[in-house]
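Residue numbers (the numbering used here): 1 to 141.
Note that CB positions come from ideal geometry on N, CA and C, so glycine has one too.
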Amino acid sequence: MQIQQISNLNNQTYQGRVAIVGDLSAQPTKLVREAAESLKNRFKNSDYDLFIKQDYNKNRLNLIVTREKDFEKPNKIKGKATISTLETNPDILDTASDYARVNYENQVEAKKIIKPEFKEKCNEFFKKLGNKLFEIITDED
């Protein structure tokens, strides 16, 4: 007798990635190259990605943690950290990426907490509205 193996679809394997958006100048490129393996290891089992983008106007390197599908959308949850493009220590990228990741996770948790309250308030509002409409409709004046 053979028993078929049942796959568990609830066990998701995440493969977060590190992506560079646009071009980087020489110093930030060197910094990212030195910290690349460390950053990949930090995000490989996460359900979100790290995007590195240079702001040429302010000489800053922006580290943005979000899901890939939400990166271009303005009102989605994003964890952000900013460092100078003149940094030479690759450990600063690890620290900044951790800060951005924690910022993102805190926003996600806050959103989970807010939703039930909002749902309860909506239910209460529509219940009161329904009662008032019912009173108006059934009023025989």
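Going by DSSP, which residues form a beta bridge with I20?
Residue numbering aside, residue 20 sits at position 20 when the sequence shown is read from its first letter. When DSSP reads this structure, I20 sits in a beta bridge with I52.
Using a threshold of 8 Å, state whether the C-beta atoms of I83 and L50 are closer than that.
Residue 83 sits at position 83 when you count from the first residue of the sequence shown. Residue 50 sits at position 50 when you count from the first residue of the sequence shown. Not closer than 8 Å, so no.
Same chain, Cβ closer than 6 Å to N59, five either side skipped, listed in chain order
Numbered from 1 along the sequence shown, position 59 holds the residue referred to as residue 59. Once the five neighbours on either side are set aside, the close Cβ partners of N59 are T85.
Could you check what DSSP says for L86 in three-state terms: helix, strand or coil?
Stepping through the sequence shown from its first residue, residue 86 is reached at position 86. Coil at L86, not helix or strand.
Does the distance between the C-beta of L86 and the nearest non-hydrogen atom of the ligand NAP fall short of 7 Å?
Ligands displayed in this structure: none; no statement on the ligand NAP is therefore possible.
Where the alpha helix (DSSP H) containing N41 begins and where it ends:
Within the sequence shown, the letter at position 41 stands for residue 41. That run of the alpha helix (DSSP H) goes 26–43.
For I64, write down the residues that DSSP places opposite it in a beta bridge.
Looking up residue 64 in the sequence shown gives position 64. Note: I64 is bridge-paired with F51, K80 in the DSSP secondary-structure output.
I need the DSSP call for E140, collapsed to helix, strand or coil.
In the sequence shown, the residue the question calls residue 140 occupies position 140. Coil at E140, not helix or strand.
Any idea if S25 is buried or exposed, counting beta-carbon neighbours within 10 angstroms, 16 or more meaning buried?
Taking the first residue of the sequence shown as position 1, residue 25 is located at position 25. Taking all protein chains shown into account, S25 has fewer than 16 neighbouring C-beta atoms within 10 Å of its C-beta and is therefore exposed.
Applying the criterion that 16 or more other CB atoms from any shown protein chain within 10 Å of the CB defines a buried residue, is R101 buried or exposed?
Position 101 of the sequence shown holds residue 101. When all chains shown are included, R101 counts as buried.
Look at V32 and I64 and say whether their C-beta atoms are less than 8 Å apart.
Taking the sequence shown and counting its residues from 1, the one referred to as residue 32 is at position 32. Taking the sequence shown and counting its residues from 1, the one referred to as residue 64 is at position 64. The answer is no: Cβ separation not under 8 Å.
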